[in-house]
Amino acid sequence: MGLLASSSSSSSSLVAVTVVLGLLFNAAVLCHGGISSSYRRVATELNIDMPVDSDTFYVPPGENTPQQVHITQGDHVGTAVIVSWITPKAPGFSVVRYWSENSTKIRWARGTIETYRYFNYTSGYIHHANISNLEFNSKYYYKVGAGKYARIFWFVTPPAPGPDVPYTFGLIGDLGQTYDSSITITHYQNDPLNGQAVLFLGDLSYADDYPFHDNVRWDTWGRLVERSAAYQPWIWTVGNHEIDWAPQLGEPVPFVPFSHRYHTPYEAAGSTAPFWYSIKRGPAHVIIMAAYSAFGKYSPQYSWFNQEIQKVNRSETPWLIVIMHPPTYNSYQSHYMEGEPMRAVYENTFVKYKVDIVFAGHVHAYERSIRVSNIKYNITNGLCNPVKDLNAPVYLTVGDGGNLEGLSTVMTEPQPNYSAFREPSFGHGMLEIKNRTHAYFAWHRNDDGYAVVADSVWLTNRFWYPTDDSN
Ligand SMILES: *[C@@H]1O[C@H](CO)[C@@H](O)[C@H](O)[C@H]1NC(C)=O
Ligand SMILES: *[C@@H]1O[C@H](CO)[C@@H](O)[C@H](O)[C@H]1NC(C)=O
Ligand SMILES: *[C@@H]1O[C@H](CO)[C@@H](O)[C@H](O)[C@H]1NC(C)=O
Ligand SMILES: *[C@@H]1O[C@H](CO)[C@@H](O)[C@H](O)[C@H]1NC(C)=O
Ligand SMILES: *[C@@H]1O[C@H](CO)[C@@H](O)[C@H](O)[C@H]1NC(C)=O
Ligand SMILES: *[C@@H]1O[C@H](CO)[C@@H](O)[C@H](O)[C@H]1NC(C)=O
Ligand SMILES: *[C@@H]1O[C@H](CO)[C@@H](O)[C@H](O)[C@H]1NC(C)=O
Ligand SMILES: [Fe+2]
Ligand SMILES: [Fe+2]
Numbered sequence: 003m004g005l006l007a008s009s010s011s012s013s014s015s016l017v018a019v020t021v022v023l024g025l026l027f028n029a030a031v032l033c034h035g036g037i038s039s040s041y042r043r044v045a046t047e048l049n050i051d052m053p054v055d056s057d058t059f060y061v062p063p064g065e066n067t068p069q070q071v072h073i074t075q076g077d078h079v080g081t082a083v084i085v086s087w088i089t090p091k092a093p094g095f096s097v098v099r100y101w102s103e104n105s106t107k108i109r110w111a112r113g114t115i116e117t118y119r120y121f122n123y124t125s126g127y128i129h130h131a132n133i134s135n136l137e138f139n140s141k142y143y144y145k146v147g148a149g150k151y152a153r154i155f156w157f158v159t160p161p162a163p164g165p166d167v168p169y170t171f172g173l174i175g176d177l178g179q180t181y182d183s184s185i186t187i188t189h190y191q192n193d194p195l196n197g198q199a200v201l202f203l204g205d206l207s208y209a210d211d212y213p214f215h216d217n218v219r220w221d222t223w224g225r226l227v228e229r230s231a232a233y234q235p236w237i238w239t240v241g242n243h244e245i246d247w248a249p250q251l252g253e254p255v256p257f258v259p260f261s262h263r264y265h266t267p268y269e270a271a272g273s274t275a276p277f278w279y280s281i282k283r284g285p286a287h288v289i290i291m292a293a294y295s296a297f298g299k300y301s302p303q304y305s306w307f308n309q310e311i312q313k314v315n316r317s318e319t320p321w322l323i324v325i326m327h328p329p330t331y332n333s334y335q336s337h338y339m340e341g342e343p344m345r346a347v348y349e350n351t352f353v354k355y356k357v358d359i360v361f362a363g364h365v366h367a368y369e370r371s372i373r374v375s376n377i378k379y380n381i382t383n384g385l386c387n388p389v390k391d392l393n394a395p396v397y398l399t400v401g402d403g404g405n406l407e408g409l410s411t412v413m414t415e416p417q418p419n420y421s422a423f424r425e426p427s428f429g430h431g432m433l434e435i436k437n438r439t440h441a442y443f444a445w446h447r448n449d450d451g452y453a454v455v456a457d458s459v460w461l462t463n464r465f466w467y468p469t470d471d472s473n
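Residue numbering for the sequence shown follows the working numbering, starting at 3 and increasing by one per position.
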């Protein structure tokens with residue numbers, strides 16, 4: 003009897019809770035957010051990495067031929083390029099020869115060579131050469147290696163920083179090395195919007211998902227991305243899969259494989275560590291932040307960031323873009339609220355300096371926010387709802403490159419009102435900056451043809467067109 007009573011009283015309180023929840027739910031539905039795409043991809047592939055000997059991981063002929071060739075910006079404005087490659091067996095010839103499209107004058111730059119050990123893995127010889135004093139807006143060829151196994155690539159330098167020079171960035175995050183990853187690269191390369199440089203949003207190889215962080219998977223990843231990264235700069239952001247902190251394997255120092263393989267132009271940006279830095283490229287000033295290095299008040303990153311954002315000259319580079327790995331506004335269950343620590347420290351500054359866009363990855367899906375901020379909250383005033391804010395950035399999550407962990411399909415419901423569009427499909431983004439006032443952002447899902455846009459938005463510049471509230 004006692005049992006029955008207690009059970010009936012608990013079921014009546016359950017009813018009450020359900021009624022209250024139902025009311026809350028209805029209220030929430032009334033102020034719900036934007037679109038939760040109903041698109042469901044037909045899963046044709048398992049989320050598995052391609053085999054180590056897959057042809058997609060291009061190994062050139064010759065046992066010591068340069069492989070895993072990739073480039074990134076080498077200075078603050080785009081007249082230098084860091085060329086990197088690996089010779090597997092011996093140091094070989096650490097020189098890049100390069101020449102501009104219509105010139106017969108060949109210049110050269112010497113590289114530095116480094117190797118590293120990780121648990122029982124020993125790397126090949128990793129070369130990094132900084133080629134500088136390039137002309138803006140010019141095509142250059144470059145050659146690595148010597149003799150019959152030398153390899154030739156090319157790239158185009160960006161236009162000089164300026165407010166109305168058009169420029170198109172590709173956005174790829176959380177790429178990994180599955181069949182889907184390869185499709186993402188192919189779709190990016192064939193996208194008629196023609197990306198000129200990739201802003202990579204963190205989480206490169208996912209080698210750390212293997213036993214002993216099998217660093218062979220860092221090599222296969224380098225081979226996978228060469229077909230794009232050797233021809234246009236990929237701008238690197240550190241993700242959690244770059245940490246490789248494993249004291250149980252005798253690897254107590256974070257970021258070892260990443261730091262040896264991927265260099266960044268941090269010194270030219272006045273930064274003291276390779277993980278946070280900035281570049282100017284055409285009409286954009288891009289600030290790359292490191293979510294897995296100290297970023298709180300009094301940290302080196304914090305003081306660097308606060309100086310850097312004050313230096314941005316919107317008359318020269320109107321588009322102020324911030325990249326970090328974890329998203330600030332995320333409505334998937336995956337990594338929900340992980341962006342809060344950085345938001346608490348930096349969101350005020352983003353709004354004060356009118357950052358146009360914040361790109362992130364980490365959540366393996368796509369999401370676009372409205373212009374939103376949550377800076378009024380001061381613990382006691384109860385103002386804890388994110389509000390539409392014309393001075394705030396649009397937050398874009400493009401963590402859908404296609405890695406072995408698969409998609410983040412579970413969304414929080416109802417869709418919060420800061421979320422304008424969300425869909426868990428693999429794909430890539432494109433940011434086409436047209437002039438100082440307008441940029442077009444498009445997201446492409448891999449399941450569609452190269453030219454099909456699955457979500458898009460016109461973004462207006464917060465400095466030059468702050469009154470436009472269309473997003
Ligand atoms: C590293 O150690 C693991 C575990 O003992 C082993 O399976 C692997 O073959 C080793 N790799 C090398 C390169 O020695
Ligand atoms: C090289 O020549 C081509 C064809 O004449 C021209 O379009 C291009 O602008 C030239 N490039 C440079 C860097 O002068
Ligand atoms: C490359 O060289 C340029 C010009 O000297 C310099 O500004 C830049 O900091 C160098 N970059 C790196 C990564 O060494
Ligand atoms: C900002 O850039 C403009 C255009 O390049 C230039 O005229 C101006 O001097 C710059 N301002 C500062 C403070 O450097
Ligand atoms: C927080 O906001 C409330 C309401 O605006 C204000 O009364 C209070 O003084 C604020 N607290 C602090 C510590 O600033
Ligand atoms: C979301 O809804 C809450 C509660 O109604 C409201 O306070 C807030 O301003 C809304 N935020 C946005 C971004 O519309
Ligand atoms: C900037 O680009 C947008 C979109 O292409 C166009 O509508 C607008 O007229 C352009 N503004 C100027 C000043 O050219
Ligand atoms: Fe991540
Ligand atoms: Fe990831």
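All C-beta atoms in this analysis are idealised placements derived from N, C-alpha and C, irrespective of residue type, glycine included.
Would you mind reading off the limits of the alpha helix (DSSP H) that contains residue i?
i	result
Met344	342–354
Ser86	From DSSP, Ser86 is part of no alpha helix (DSSP H) but of the beta strand (DSSP E) over 83–89.
Ile185	181–192
Ser261	258–263
Tyr420	Per DSSP, Tyr420 belongs to no alpha helix (DSSP H) and is neither H nor E.
Trp306	302–313
Please classify residue i as buried or exposed, where buried requires at least 16 neighbouring CB atoms within 10 angstroms.
i	result
Ala453	exposed
Ala92	exposed
Pro267	buried
Thr114	exposed
Arg464	buried
Trp460	exposed
Val167	buried
Arg283	buried
Met339	exposed
Glu244	buried
Asp182	buried
Asp55	exposed
Phe27	Confidence at Phe27 is low in this model, with a pLDDT of 39, below 50, so its placement is unreliable and no value can be given for it.
Ile108	exposed
Pick from the options: whose alpha carbon is nearest that of residue i?
i	options	result
Tyr300	Tyr348, Asn332, Thr462, Asn192	Tyr348
Val400	Gly64, Phe307, Ala456	Ala456
Trp445	Asp193, Lys150, Thr188, Tyr100	Asp193
Leu136	Val79, Leu195, Arg219	Val79
His130	Tyr169, Met52, Tyr264	Tyr264
Ala162	Thr106, Trp460, His287	His287
Val374	Ile381, Leu398, Tyr368	Leu398
Ser280	Pro254, Phe260, Trp156, Gln309	Gln309
Val314	Gln335, Tyr169, Asp358	Asp358
Pro160	Gly204, Gly197, Thr469	Gly197
Ile128	Phe214, His72, Ile88	Ile88
Asp449	Arg112, Asp51, Tyr190, Ala270	Tyr190
Hey, would you say residue i sits closer than 7 Å to residue j, going by beta carbons?
i	j	result
Ser333	Thr414	yes
Arg438	Pro63	no
Ala82	Asn139	no
Gly451	Leu177	no
Ser295	Phe307	no
Ser230	Thr58	no
Trp466	Pro320	yes
Val98	Tyr144	yes
Pro74	Gly147	In the sequence as displayed, the identity of residue 74 is Thr instead of Pro. Contact flag unset, no.
Pro329	Val365	yes
Ala293	Met344	yes
Pro285	Ile435	yes
Ser38	Arg424	yes
Leu226	Met432	no
Can you name the start and end residues of the beta strand (DSSP E) that residue i belongs to?
i	result
Val218	That residue, Val218, is in no beta strand (DSSP E); its alpha helix (DSSP H) goes 218–231.
Val459	457–462
Arg43	That residue, Arg43, is in no beta strand (DSSP E); it is neither H nor E in DSSP.
Phe155	153–158
Gln70	69–75
Trp445	440–447
Ser375	368–375
query = Quick one: any contact between the stretch 381–392 and the stretch 402–413, if contact means 3 or more CB pairs under 8 Å?
reply = no
request  = Assess, as a yes-or-no matter, whether the stretch 117–130 is touched by the stretch 238–257 under the definition of 3 or more beta carbon pairs within less than 8 Å.
outcome  = yes
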